[in-house]
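Those letters in the sequence shown? Residues 711 to 1111, by my numbering. Beneath this line is the structure, given in structure tokens, with notes to follow.
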Amino acid sequence: MPPTAKPVDLPKLKVSARGASRLKSGHVWVYRSDVLDADGAPPGSLVSVTDHRGKPFGTALYSSSSQIAIRMLAPEPVSDLSALLRERVSRAIDYRESFVRDTDAYRLIFSEADLLPGLIVDRYNDILSLQVLTQAIDANPVRAIVISELNQQINPAAIVERVDPRVRELETLPPRPSGLLQGTKASTTFTMNGVHFHYDALEGQKTGAFLDQRENYAAAAQYAHGEGLDVFCYQGGFALHMASKCKPVTGVDSSRPALEVADQNAALNQQLLRGREIEWIEANAFDLLKDYSASHRLYDTIVLDPPAFAKTKRDMDSAIRGYKELNLRALKMLRPGGILVTCSCSYHVGQADFLGMLSTAALDAHRTLRLIEVRGQAKDHPVLLNVPETSYLKCLIAYVS
Ligand code: SAH
């Protein structure tokens, strides 16, 4: 995509009445089935979008293969893409400067929510981690503009790219390895809410941290007490935050590499732990909770933060069953006055569905729950109000009697 293409040169995409009404509602996507005429637009090109009568909607990024064919960029013609991208990167950074506190790790750019559809950039102290999700953002001129602006604004020690091979396949982009795009530093430590973590861009699962839970860690720590259990603990995010309040703390995950990093993270936080150990258990959480609840193990604080169970709308019923099983068992294992922190990162399971699931679990477990907090993702993962897909994380904190 030439970054300085004149609006008059752009392919004109016509969208159906359904596509048009979606855009009128403030959404930024048009599905392939709602594109009436793609005007021969090349993969990843900048395009202008009109309704079926030719009424203009503005300028968008086009994908020739994704189900999401159009991601709107601006409601007007864009004559200087480079200036627009630089401005958007800069605005995204300003937003974090205004709202993000107590951390040197946070999401710097969150795709549609920062009006940069297809681009994710996470900051881990002095290392930036970049993810490219669309043909348009993958184009070399676009990459160069984004990287140049990030360098100017942040001046990181290194920039790494995290590649999801499945995304590249869906976008019919050639395979590409994950790795350093700039600099040589691939690992660092970062600190959120006073808790320290290792970050290694090239080792392990290459997933980085779950930065979207940052504010929920701090909230959970506020109420945590007694014996704590962090189920689906990954590298110990909740467990380490609870450790100053709970004794003892146990973390459970099925991934050994994640638990190895969790243990290294515990070593980084000696001062906070004051000689206390966190026990890390490698296990299938479903099996472990079944065993523990059958043998009447009791805790005062339990965190449930499973992976997304509903990847598509069709998985919704089985996802709810999975969440219910976990929550029911956890509720049976909490002492009166206990705290349940229960999360779902499935977009397809909405907040009302998740609350409904928890109410039926409470009924079945014969427990009374008071909702202390209904939470979502941290502010560095902003929710764009008219694009519901930008809101995915739910975190409920309940007092269980
Ligand atoms: N709470 C973590 C994030 C959890 S992500 C944090 O704040 O950092 C989900 C985790 O669930 C991953 O670490 C994955 O390894 C683990 N997982 C997936 N299926 C599992 C299972 N059946 N039993 C235990 N852990 C599982």
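Ideal Cβ placement from N, Cα and C applies to all residues, glycine included.
Going by the DSSP bridge assignment, what does residue i pair with across the sheet?
i: VAL842; result: LEU829
i: LEU756; result: LEU771
i: MET902; result: THR813 and VAL905
i: CYS956; result: GLY936
i: TYR741; result: ILE778
i: TYR1109; result: ILE1049 and ARG1080
With hydrogens ignored, establish whether the beta-carbon of residue i is closer than 6 Å to any heavy atom of the ligand SAH.
i: ASP1090; result: no
i: GLN863; result: no
i: TYR944; result: yes
i: GLY1086; result: no
i: GLN974; result: no
i: GLY947; result: yes
i: ASP963; result: yes
i: PRO1017; result: yes
i: PHE907; result: no
i: ALA995; result: yes
i: ALA968; result: yes
i: PHE920; result: yes
i: GLN923; result: yes
Is residue i near residue j, with beta carbons less than 7 Å apart?
i: ARG1024; j: GLU992; result: no
i: VAL1059; j: ILE1107; result: no
i: GLN841; j: ILE830; result: yes
i: ARG962; j: GLY1048; result: Here residue 962 turns out to be Val, not Arg, going by the sequence shown. In this structure, GLY1048 does not lie closer than 7 Å to VAL962 by Cβ.
i: GLY722; j: THR760; result: Correcting the residue type first, residue 722 is Lys in the shown sequence and not Gly. Yes, these two residues count as a Cβ contact at 7 Å.
i: SER726; j: ASP744; result: yes
i: PHE942; j: PRO1016; result: yes
i: TYR909; j: TYR816; result: no
i: ALA1088; j: ASP922; result: yes
i: GLU881; j: THR1100; result: no
i: LEU733; j: SER758; result: no
i: ALA868; j: ILE837; result: yes
i: VAL738; j: ARG796; result: no
i: GLN1116; j: ALA968; result: Residue 1116 lies beyond the range of the chain shown here (711 to 1111); nothing can be said about it.
i: ARG742; j: ALA784; result: no
i: ALA896; j: GLY754; result: no
i: SER964; j: ASN994; result: yes
i: GLN724; j: LEU756; result: The sequence shown places Lys at residue 724, not Gln. No. Outside cutoff.
Using the Cβ count rule (16 or more neighbours within 10 Å means buried), how would you classify residue i?
i: ASN861; result: exposed
i: VAL1084; result: exposed
i: PRO866; result: buried
i: ARG811; result: exposed
i: GLN980; result: exposed
i: ARG798; result: buried
i: ASN975; result: buried
i: ASP997; result: exposed
i: PRO827; result: buried
i: THR898; result: buried
i: LYS1104; result: buried
i: ALA1004; result: exposed
i: GLN777; result: exposed
i: GLU859; result: buried
i: LEU999; result: buried
* Counting Cβ pairs, one atom from each stretch, are 3 or more of them under 8 Å apart for the stretch 901 to 916 and the stretch 1061 to 1078? -> no
* **Validate contact between the stretch 924 to 934 and the stretch 945 to 959 using beta carbons, cut 8 Å, 3 pairs** => yes
* Between the stretch 1023 to 1043 and the stretch 1007 to 1015, do at least 3 Cβ pairs fall closer than 8 Å? -> yes
* Below 8 Å, can you find three or more Cβ-Cβ pairs linking the stretch 838 to 852 to the stretch 879 to 896? -> yes
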